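A.B. asks:
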Amino acid sequence: MRLTRRVLLQTTGLGVLGTLGGALDAQQHFFDPEEPTADEVIAEFADGQVIEDRDVTLVLQSFVEDGYRVPVEIHAPGAREIMLVAPANPSKKVLSVRFGRHSAVSHVVTRMRLAADQEVVALARMDNGSVVRATQKVSVLVGGCG
Amino acid sequence: MTVGPKRRIKLPETVAAGDVFTIKAKITHHMENGFRLDQNGGRVPRDIIHRFHCSFEGETVIDVALEPGVASHPFFAFEARVPRGGEFTFTWYDDDGMVHTETRSIDVI
Chain A
1 MRLTRRVLLQ
11 TTGLGVLGTL
21 GGALDAQQHF
31 FDPEEPTADE
41 VIAEFADGQV
51 IEDRDVTLVL
61 QSFVEDGYRV
71 PVEIHAPGAR
81 EIMLVAPANP
91 SKKVLSVRFG
101 RHSAVSHVVT
111 RMRLAADQEV
121 VALARMDNGS
131 VVRATQKVSV
141 LVGGCG
Chain W
147 MTVGPKRRIK
157 LPETVAAGDV
167 FTIKAKITHH
177 MENGFRLDQN
187 GGRVPRDIIH
197 RFHCSFEGET
207 VIDVALEPGV
217 ASHPFFAFEA
227 RVPRGGEFTF
237 TWYDDDGMVH
247 TETRSIDVI
């Protein structure tokens, strides 16, 4: 076979694709089997209490383009402590907040990372010790690992 | 002169007694989550701000435990109510051992 431009392009084209595949592999994230599951994280926070769906509001867009920077707001009047869980992130627990006596309303606004489509969970421990929950389903276009 | 990463804090200079007001605090930090791999397949070590604490005259307003799921340049907005004038202290704890502190005074009229 003569080495024509066409043959050359076909063969090197395959080579380039192969290299790209390798590069994509290298982008993979580290998976830690020691990392607790979302259920474990939630159970630890609940500490044996029955979790009820009330009294806490989770404000989060249902469709997110950029998973690296997602505005999130948790409003839990009367909560002593709250926790935010992202079950499809490599690290399930995103943050936990303890409110002190000078915190007027148990309300916090921040920005989180979302790795993939998932149902984000906000948990709150109220003054009387009960544990409540709010959830929000989110679609993520470009995942930001966290 | 600020040493270390840039911190920005926003809160009113004066409030009326009993008023609830918003405090916003942000620090510049890359929040390297520890799950990424470098070009050689090695793990990029985790380096995040793992705790943010805001207190008023030594008593906690808000105490946040941050995990890698918090976006880079962590930002928080929250509400406070204070009984008298005094000083707020904002502290960020970095994985590398650094502790960054800012203070802001408020008057109650």
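Sequences listed follow chains A and W, in order. If you're matching positions, the first sequence starts at 1 in this note's numbering and goes up one per residue. If you're matching positions, the second sequence starts at 147 in this note's numbering and goes up one per residue. Using N, Cα and C, we set each Cβ at its ideal position, and we do this for glycine too. Quantities reported herein were computed from a predicted structural model and do not represent experimental measurements.
Are the CB atoms of V131 of chain A and Q49 of chain A within a distance shorter than 7 angstroms?
C.D. replies: Closer than 7 angstroms, so yes.
A.B. asks: D66 of chain A by DSSP, collapsed to three states: which one?
C.D. replies: D66 of chain A: strand per DSSP, three-state reduction.
A.B. asks: Give the residues from the stretch 155-176 of chain W that approach chain A closer than 7 angstroms (Cβ to any Cβ), ordered along the chain.
C.D. replies: Flagged, chain order: V166.
A.B. asks: Quick check on DSSP: helix, strand or coil for F222 of chain W?
C.D. replies: Looking at F222 of chain W - three-state DSSP - the assignment turns out to be strand.
A.B. asks: For chain A, find out if any of its Cβ atoms is closer than 7 angstroms to the Cβ of V254 of chain W; answer yes or no.
C.D. replies: By this cut-off, V254 of chain W is not an interface position.
A.B. asks: Measuring CA to CA, which of A:P36, A:E35, A:V56, A:D117 is closest to M126 of chain A?
C.D. replies: Closest by alpha carbon: A:V56.
A.B. asks: Is there contact here, the stretch 191-204 of chain W with the stretch 170-178 of chain W, by at least three beta-carbon pairs under 8 angstroms?
C.D. replies: Contact between the stretch 191-204 of chain W and the stretch 170-178 of chain W is present, because at least three Cβ pairs lie under 8 angstroms.
A.B. asks: DSSP on E203 of chain W, reduced to helix/strand/coil?
C.D. replies: In this structure, E203 of chain W counts as coil in the three-state DSSP scheme.
A.B. asks: Listing by chain order, which chain W residues have their CB less than 7 angstroms from the CB of P90 of chain A?
C.D. replies: Neighbours of P90 of chain A on chain W, chain order: F181.
A.B. asks: Are the CB atoms of H102 of chain A and E225 of chain W within a distance shorter than 7 angstroms?
C.D. replies: It is not a contact, given that the beta carbons lie outside the stated cut-off.
A.B. asks: Rounding to the nearest angstrom, what Cα-Cα distance links Q27 of chain A and E213 of chain W in this structure?
C.D. replies: Unreliable positioning characterises Q27 of chain A in this predicted model, as indicated by a pLDDT of 45, which lies under 50. A coordinate reading is not provided.
A.B. asks: Pick out whichever of W:I252, W:A162, W:V254, W:H246 has its Cα sitting closest to the Cα of K152 of chain W.
C.D. replies: Of the candidates W:I252, W:A162, W:V254, W:H246, the one whose C-alpha sits nearest the C-alpha of K152 of chain W is W:H246.
A.B. asks: Given that a residue counts as buried once 16 or more other Cβ atoms are within 10 Å of its Cβ, and exposed if not, what is E189 of chain W?
C.D. replies: At residue 189 of chain W the sequence reads Arg, which differs from the Glu that was named. By the neighbour-count rule (16 or more Cβ atoms within 10 Å), R189 of chain W is not buried but exposed.
A.B. asks: Any contact between the stretch 157-164 of chain W and the stretch 63-78 of chain A? By contact I mean 3 or more CB pairs, one from each, below 8 angstroms.
C.D. replies: As far as the Cβ criterion goes, the stretch 157-164 of chain W does not touch the stretch 63-78 of chain A, which means the pair count is below three.
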